[in-house]
Amino acid sequence: MSLLISGGLVVDPSRNLEAVQDVLIENGKIAAVESPGTIPADGRRVIAAANLVVTPGLIDMHVHLREPGEEYKESILTGTRAAVAGGFTAVAAMPNTKPVNDNAAITRFILEQARAADLARVYPVGAISMGSAGQTLSEYGDQKEAGAVAFSDDGHPVMNPMLMRRALEYARTFDLPLIAHEEDLDLRGDGVMHEGRISLELGLRGIPSAAEEAMIFRDLALLQLTGGRLHIAHVSAFGSVALIRQAKAAGLTVTAETAPHYFSLTDEAVKGYDTNAKVNPPLRTAADVAAIKEGLMDGALDAIACDHAPHTSLEKDLEFEAAAFGLIGLETSLGLSLKLVQDGVLTLAQLVAAMSTNPARILGIPGGTLAVGSPADITLIDLNRQWTVDANTFASKSRNCPFHDWTLQGKAVMTIVGGKVVWEV
Amino acid sequence: MEFRRKDLLGIAELDPDEIRHILDTAASLKEISTRPIKKVPTLRGKTVVTVFYEPSTRTRMSFEIAAKRLSADTLNLTVAASSAVKGETLSDTAYNLEAMQPDVLVIRHYASGAPHYLARRLKCGVINAGDGLHAHPTQALLDLLTVREAKGRLDGLNVAIIGDIAHSRVARSDIQAFTKMGSRVTVAGPATMLPPYLESLGARVTCSLEEAVTGADVIMMLRLQLERMGQMFLSTLREYSRFFGLALRHLELAQPDAIIMHPGPLNRGVEISPEVADGAHSVILEQVTNGVAVRMAMLYLMIGGEKA
Chain H
45 MSLLISGGLV VDPSRNLEAV QDVLIENGKI AAVESPGTIP ADGRRVIAAA
95 NLVVTPGLID MHVHLREPGE EYKESILTGT RAAVAGGFTA VAAMPNTKPV
145 NDNAAITRFI LEQARAADLA RVYPVGAISM GSAGQTLSEY GDQKEAGAVA
195 FSDDGHPVMN PMLMRRALEY ARTFDLPLIA HEEDLDLRGD GVMHEGRISL
245 ELGLRGIPSA AEEAMIFRDL ALLQLTGGRL HIAHVSAFGS VALIRQAKAA
295 GLTVTAETAP HYFSLTDEAV KGYDTNAKVN PPLRTAADVA AIKEGLMDGA
345 LDAIACDHAP HTSLEKDLEF EAAAFGLIGL ETSLGLSLKL VQDGVLTLAQ
395 LVAAMSTNPA RILGIPGGTL AVGSPADITL IDLNRQWTVD ANTFASKSRN
445 CPFHDWTLQG KAVMTIVGGK VVWEV
Chain B
36 MEFRRKDLLG IAELDPDEIR HILDTAASLK EISTRPIKKV PTLRGKTVVT
86 VFYEPSTRTR MSFEIAAKRL SADTLNLTVA ASSAVKGETL SDTAYNLEAM
136 QPDVLVIRHY ASGAPHYLAR RLKCGVINAG DGLHAHPTQA LLDLLTVREA
186 KGRLDGLNVA IIGDIAHSRV ARSDIQAFTK MGSRVTVAGP ATMLPPYLES
236 LGARVTCSLE EAVTGADVIM MLRLQLERMG QMFLSTLREY SRFFGLALRH
286 LELAQPDAII MHPGPLNRGV EISPEVADGA HSVILEQVTN GVAVRMAMLY
336 LMIGGEKA
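Line order of the protein sequences matches chains H and B. Residues in the first sequence are numbered consecutively from 45, following our numbering. Residues in the second sequence are numbered consecutively from 36, following our numbering.
Right, here's the structure in full:
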């Protein structure tokens, strides 16, 4: 099977390439990237990509696929369908399934289901602690051999600093990163939204930014002590960005991600008690949004990951305080992120780096590049396509999306994984 | 003027003219409760359902009496929080109640926003009788009525609200209500009970009871919820009472004709001394009387009159 993507604007931050090029795919790999017209069509399937952007396949390094255990919310099949529909060729699956992915058997099961779905690549993230209960380390070596690419107790912080220290050291032993959910549970208390003017008005208990910042500060101090690689998940607060920027300047091996909702929405979205705007960490203020954008701009934040967290009406059609935290994002992430380019916050190359090259580098997985010989994971994006978000037509099983009815500009129109077109508009 | 809202969910969405209209209506209906036969046929054939997910005697009874004085049929449902957790969802309960064709549903719920949730889903009117920490609009309206009766105006008054502001839906609604009507509101309490951004609601904020009551025309004491003791908001009851309890000596700082209010139930000797609660300045029982009038007014405005 041979494909020629012809005449598109190739944006490949891994090689500082931004030029109109033809891309040849053979045997599932990138075979050539050449000036337009240099590669003969020779009876290959030619994809006319004039007016399209051709990027290394997008990678979302933080999603919840809910399988095993909560298949009524999402499955690996529907989750990867949502991924490819959103332009993602790979996702990293967080371990808070039921049971928790804290062992090699579940890691292998997830990979088998992903192979059967045959859509996006799925990279399992193993649990930091057994059952993500924060007591004992899980089997990092075993899980790595089975295919885990990182460890995280995502959904829960590691409250015990001694366990966090040992986890950083143990992950270093196997040269894998830890992905930290940074939240001080005591400080969060019964909070259900950002603590600020809006929480006061709505009479909802608040989660102060300090609950995130204080834990990041702790973990950066531990990282200084232990070495290894720490990746900070879903950064939402002004102070967090500053801490990470400072730690990077001091030479710590820390990376960080944020999610589109943290630069697209503020706590105002909770008004009316919209449970689709209930997410943890919570939507914060305009000043936090500005700091998140600044962090993406100057590299304090490396990656955009949507923290796709499917829930059904059983968890969401409730009183605000009773509803589950989380929102889905795989099918809106690119459209929302492209707004950063339209608004001049990021260059297109910076955006592709944040959504492909950097996640690949952080997780140490293939992809994130169109270098010859790499897997042919490619996303074709139409920057000009206007579309209206309709959660009812999502490939995801769930509908908990606060962006329903938003008009966005820019959309993935074709997703290619391993040289195979797995999705097109 | 006509009251055009399907629901009464909070004070924030009301404008001053609407509030005046409600107070005027309540003032005119108040007389009914003083008649030998305390009943008018205004809401005959209407059904008012009260659903309480939190314990309450005063507010539930007040709504019930209000409905009965207007000849509406009333039905009360009290749901223990524990059974709500295990039992049917709020929306299922509400749809079942609506299937019985009530005209108004009065709801108290421990979750902020629960009345809004129902209002979006139900065709009948919804009155918020207190939701979580968020709002208690009929309490704020009865407080306004009580002050207006005592002072003849609301504009330009100094109103002090003292106590656990953070956990008080009464405080939130009162701050909004008095501010809208032109009063100056000062809130006071220990900083643990003063949430950040209170100024954004239009209130002046202080940690000193003395400062708050100085020059006050109205002093509103909030009930201290005793379960806060174990939650790091307070040291001891003794100390709370010493620094934030209203005693006779504080009245010397206030305007000579200051009135003392409390939404009840009282913790005598904690946030208010018995001498103050029972003293000449106290209008605490007048608040209860006005509660019935304000609730009659709301029911009348929402389902009575031309809307019959």
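Positions of the beta carbon are idealized from the N, C-alpha and C atoms, including for glycine.
Problem - Distance between beta carbons of residue 99(H) and residue 425(H), contact taken as under 8 Å - result: 6 Å
Practice task
Starting from residue 257(H), find everything on chain B with Cβ-Cβ shorter than 7 Å and list it in chain order.
Solution key: By Cβ distance, chain B contributes nothing, its closest Cβ being about 15 Å from residue 257(H), past 7 Å.
Exercise for the section: Helix, strand or coil for residue 453(H), going by three-state DSSP, please let me know. Expected result: strand
Problem - Residue environment, residue 136(B), which counts as buried when at least 16 other CB atoms sit within 10 Å - result: Exposed is the call here.
Handout entry: Collapsed DSSP secondary structure at residue 364(H) in the structure displayed
Key = helix
Exercise for the section: Could you please tell me which residues of the region 172-206 of chain B, in chain order, have their CB closer than 7 Å to any CB of chain H? Expected result: From the region 172-206 of chain B, only 204 have a Cβ closer than 7 Å to chain H.
Handout entry: Bridge-paired residues (DSSP) for residue 193(B)
Key = Answer by DSSP bridge pairing, in chain order: 219(B).
Problem - Residues of its chain near residue 241(B), where Cβ-Cβ distance is below 7 Å and the 5 sequence neighbours each way are ignored - result: 221, 223 and 247
Practice task
Check the Cβ of residue 316(H) against every Cβ in chain B and list those closer than 9 Å, keeping chain order.
Solution key: 148, 151 and 155
Practice task
Can you pull the chain B residues whose beta carbon is under 7 Å from the beta carbon of residue 210(H), in chain order?
Solution key: Correct list: empty, because the minimum Cβ distance to chain B is about 30 Å.
Practice task
Please report how far the alpha carbon of residue 412(H) lies from the alpha carbon of residue 239(H), in whole angstroms.
Solution key: Taking the straight line from one Cα to the other gives about 37 Å.
Handout entry: Segment contact flag, the region 324-338 of chain H with the region 295-313 of chain H, C-beta cutoff 8 Å, min 3 pairs
Key = Per the Cβ contact rule, the region 324-338 of chain H is in contact with the region 295-313 of chain H (3 or more Cβ pairs under 8 Å).
Problem - is_contact[residue 343(B), chain H] using C-beta, thresh 9 Å - result: Its pLDDT being 43, under 50, residue 343(B) is placed unreliably in this model, and the coordinates cannot settle the point.
Practice task
Say whether chain H places a C-beta atom closer than 9 Å to the C-beta of residue 236(B).
Solution key: At least one beta carbon of chain H lies nearer than 9 Å to the beta carbon of residue 236(B).
Handout entry: C-alpha gap between residue 192(H) and residue 168(H), whole angstroms
Key = When rounded, the distance between both Cα atoms is 5 Å.
Problem - Buried versus exposed, by CB contacts within 10 Å (16 or more), residue 95(H) - result: exposed
Problem - Cross-strand partners of residue 160(B) (DSSP beta bridge) - result: 139(B)
Handout entry: Proximity below 9 Å, CB of residue 466(H) to CB of residue 244(H)
Key = no
Practice task
Kindly provide the ranges of any beta strand (DSSP E) runs that are 3 or more residues long and lie completely inside the region 284-313 of chain H, ordered along the chain.
Solution key: 298-302
Problem - Buried versus exposed call for residue 114(H) [16 or more other C-beta atoms within 10 Å across all chains shown] - result: buried
Exercise for the section: With 9 Å as the threshold, decide whether the Cβ of residue 43(B) is near any Cβ in chain H. Expected result: With 9 Å as the cut-off, residue 43(B) does not count as an interface residue toward chain H.
Exercise for the section: Report the residues of the region 353-379 of chain H with a CB closer than 8 Å to any CB of chain B, ordered along the chain. Expected result: 361, 362, 363, 364, 365 and 366
Handout entry: Euclidean distance between Cα positions of residue 391(H) and residue 288(H)
Key = When rounded, the distance between both Cα atoms is 22 Å.
Exercise for the section: Please go through the same chain and pick out, in chain order, the residues whose beta-carbon is closer than 7 Å to the beta-carbon of residue 321(B), but skip the five residues on each side of it. Expected result: Taken in chain order, the residues that qualify are 181.
Practice task
Give me the Cα-Cα distance between residue 308(B) and residue 351(H), rounded to the nearest whole angstrom.
Solution key: For residue 308(B) and residue 351(H), the gap between their C-alpha atoms comes out near 53 Å.
Practice task
Give the DSSP-derived three-state secondary structure of residue 208(H) in the structure shown.
Solution key: helix
Practice task
Could you check if residue 451(H) is buried or exposed, using at least 16 other CB atoms within 10 Å of its CB as the buried criterion?
Solution key: exposed
Problem - Close beta carbons around residue 111(B), own chain, < 7 Å, minus the five adjacent residues each side - result: 85, 95 and 99
Exercise for the section: Grab me the residues of residue 209(B)'s own chain with a C-beta within less than 7 Å of its C-beta, minus the 5 sequence neighbours each way, in chain order. Expected result: Cβ neighbours of residue 209(B) beyond the five flanking positions: 175, 178, 196 and 255.
Exercise for the section: Give the straight-line distance between the Cα atoms of residue 106(B) and residue 72(B), rounded to the nearest whole angstrom. Expected result: 12 Å
Problem - Interface residues of chain B facing residue 226(H) [CB-CB closer than 7 Å] - result: Result: empty, since nearest Cβ-Cβ is about 21 Å, beyond 7 Å.
Practice task
Determine whether the Cβ of residue 232(B) lies closer than 9 Å to any Cβ atom of chain H.
Solution key: yes
Exercise for the section: Find out if the Cβ-Cβ distance for the pair residue 168(B), residue 232(H) is shorter than 9 Å. Expected result: no
Exercise for the section: Taking C-beta pairs closer than 9 Å, name the residues in chain B that residue 239(H) reaches, listed in chain order. Expected result: Those are 230, 231 and 232, listed as they occur along chain B.
Handout entry: the region 425-441 of chain H in contact with the region 371-380 of chain H per 3-pair CB rule at 8 Å
Key = yes
Practice task
Say whether the region 314-326 of chain H touches the region 349-365 of chain H, bearing in mind that this needs 3 or more beta-carbon pairs closer than 8 Å, one atom from each stretch.
Solution key: yes
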